[in-house]
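Number of protein chains: 2
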Amino acid sequence: MTELKHQIKINAAPDKVYAALATETGLKQWWTADTRADSKIGGDAEFGFDKRGMVFHMKIDNLDPAKHVVWSCHGDHPEWAGTVLTWDLTPQDGGTMLRFTQSGWKAATDFYAMCNSTWGELMYRMKDYLEGREPGPHWKQ
Amino acid sequence: MTELKHQIKINAAPDKVYAALATETGLKQWWTADTRADSKIGGDAEFGFDKRGMVFHMKIDNLDPAKHVVWSCHGDHPEWAGTVLTWDLTPQDGGTMLRFTQSGWKAATDFYAMCNSTWGELMYRMKDYLEGREPGPHWKQ
């Protein structure tokens with residue numbers, strides 16, 4: 099088992115960063131425009147790519163406002179199924195230190211490495227969105 | 099020991115991707131404007147950040163045109179010193195599959211996770227540069 103770890107300092111308060119992770123409206127601003135997400139623990143979220151050629155299906159395992167978001171992935175990509183995605187928010191210098199881990203990867207494959215690069219780009223895209231630079235989502239569909 | 103792995107498909111030929119990694123002019127377009135780099139095996143490279151508040155000192159361990167670039171880091175950041183940075187280029191569909199590994203990290207620290215996010219952003223920035231979108235370097239100094 100291996101994991102991906104990312105981290106970035108965002109010049110926005112933890113409640114704003116939380117809204118980018120815990121609401122459908124927020125998630126659509128930086129990840130994929132094709133997002134459907136509940137905002138309650140035990141709810142579901144779906145992230146679609148390439149006109150639904152690939153869809154990541156998530157269960158929302160935990161939501162702790164301004165602090166913590168956890169999803170578990172149940173498909174449809176076989177390498178993502180079984181991974182757990184954890185977001186931790188810590189107030190720092192008037193902004194937020196955002197830490198992300200995707201654990202449960204079975205192997206460090208080519209797809210793992212490509213997803214790692216995209217997560218890095220997404221961390222900066224989320225920062226740009228929350229700091230008012232309006233980058234739009236990575237996947238606009 | 100742990101390592102960072104990144105990968106991206108670039109719509110540019112391997113010799114163009116190689117020039118972005120093996121020449122000072124190329125490196126300045128996507129990483130840091132404060133780059134000084136030899137273009138021969140055994141030579142040195144320096145990457146400066148925050149007005150030389152931090153400088154990564156590299157030895158150029160291998161250069162295989164259009165295929166392979168290896169650097170070893172000798173400072174000045176204590177977590178980077180001792181890491182080895184390997185770039186592998188493979189022709190694919192008229193472009194290049196670019197694989198990157200930074201091995202030899204002693205631990206998966208906060209700085210490791212922040213560098214991982216920045217490497218992801220840099221992979222996309224290099225792609226943007228090589229595909230003609232002129233993003234400029236991440237650190238413009």
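Protein chains in written order, with the working numbering: chain A, 99 to 239; chain B, 99 to 239. Glycine included, every Cβ here is placed at the ideal spot set by N, Cα and C.
Query, Result
"Given 8 Å, three or more beta-carbon pairs between the segment 214–226 of chain A and the segment 188–204 of chain A", "yes"
"C-alpha distance - residue 118(A) paired with residue 148(A), whole-angstrom precision", "22 Å"
"Contact between the segment 209–216 of chain B and the segment 103–112 of chain A (3+ Cβ pairs under 8 Å)", "yes"
"Rounded straight-line distance, which links the Cα of residue 158(B) to that of residue 46(B)", "No answer is possible for residue 46(B): it lies beyond the span of chain B, which begins at 99 and ends at 239."
"CB of residue 201(B) within 9 Å of CB of residue 216(B), strictly", "no"
"Best match in 124(B), 218(B), 239(B) for proximity to residue 232(B) [C-alpha to C-alpha]", "124(B)"
"Residue 219(A) burial status per 10 Å Cβ neighbour count (16 or more: buried)", "buried"
"Residues within the segment 189–207 of chain A neighbouring chain B, beta-carbon criterion of under 7 Å", "197, 206"
"Within-9 Å CB hit, residue 141(B) to chain A", "no"
"Residue 227(B) at chain A interface by Cβ criterion, 9 Å", "no"
"Of the listed residues 172(A), 185(A), 165(A), nearest to residue 143(A) (C-alpha basis)", "172(A)"
"Residues within the segment 162–174 of chain A neighbouring chain B, beta-carbon criterion of under 8 Å", "none"
"Chain B contact for residue 221(A) (CB, 9 Å cutoff)", "yes"
"Interface flag, residue 181(B) vs chain A, CB-CB below 9 Å", "no"
"Contact set between residue 106(A) and chain B, taken where Cβ atoms lie within less than 8 Å", "212, 215"
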